[in-house]
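*Asks:* Can you keep this structure in mind? I'll have questions shortly.
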Amino acid sequence: MKQISTNKAPAAIGPYSQAIISGNILFCSGQIPLDPETGAIPEGVEAQAEQALTNVKNLIESAGGKIDNVVKTTVFIKDMDDFGKINEIYAKYFTEPFPARSCVEVARLPKDVLLEVEAIVEL
């Protein structure tokens, strides 16, 4: 296993790695919509989706991967009513064939953000 760390995505805020490579698979920890440079969290679900997915993309690229090679994502959202808005932003980052995906409504996320996204990528 190889640990991946980058300053282009939020630092881990607990005892975990930003990402781990095992064989030719990259496992990205959940990315929240925290700007890694400023520590700011944008307002609104669309802006938060953009930031979280940008963080995922940056983490993948720091490991030498491409977002086009994502095979599975999990999206945790605070309000399932935001599903359509999040899908619109999500579609800007992924093309067909789209990765497999799970989307789960949760009661609370770190820093009280509105969503978190994790990814599994073939390198």
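For the sequence shown, the residue numbers in full-length UniProt numbering are 1 to 123. For every residue, glycine included, the Cβ atom is placed at its ideal position computed from N, Cα and C.
#1: Report the residue from Ile89, Ile32 and Ser22 whose alpha carbon sits nearest the alpha carbon of lysine 8.
#2: Sort Phe83, Gly65 and Asp81 by Cα distance to isoleucine 120 and report the nearest one.
#3: Need the endpoints of the beta strand (DSSP E) that alanine 19 sits in, please.
#4: Is proline 42 closer than 9 Å to proline 10 when the C-beta atoms are compared?
#5: If you compare alpha carbons, which of Thr6, Val113 and Asn24 is closest to valine 75?
#6: If you check the beta carbons only, do isoleucine 4 and isoleucine 25 fall under 9 Å apart?
#7: What are the start and end residues of the beta strand (DSSP E) that includes valine 104?
#8: I need the straight-line Cα distance from phenylalanine 98 to glycine 39, nearest angstrom please.
#9: Determine the direct distance from the alpha carbon of isoleucine 60 to that of glutamate 122, and round the result to whole angstroms.
#10: Under three-state DSSP, which class holds glutamate 96?
#11: Hey, out of Asn58, Val70 and Phe83, whose CA is closest to leucine 34's CA?
#12: Excluding the 5 residues flanking lysine 2 on each side, which residues of the same chain have their C-beta closer than 6 Å to its C-beta?
*Replies:* To lay it out plainly:
#1: Ile32
#2: Per the C-alpha coordinates, the member of Phe83, Gly65 and Asp81 positioned closest to isoleucine 120 is Gly65.
#3: 19-22
#4: no
#5: Val113
#6: no
#7: 100-105
#8: Going by the C-alpha atoms only, they are around 30 Å apart.
#9: A direct Cα-Cα distance of roughly 10 Å separates glutamate 122 from isoleucine 60.
#10: coil
#11: Asn58
#12: Closer than 6 Å at the Cβ level, and outside the excluded window around lysine 2, lie Ile21.
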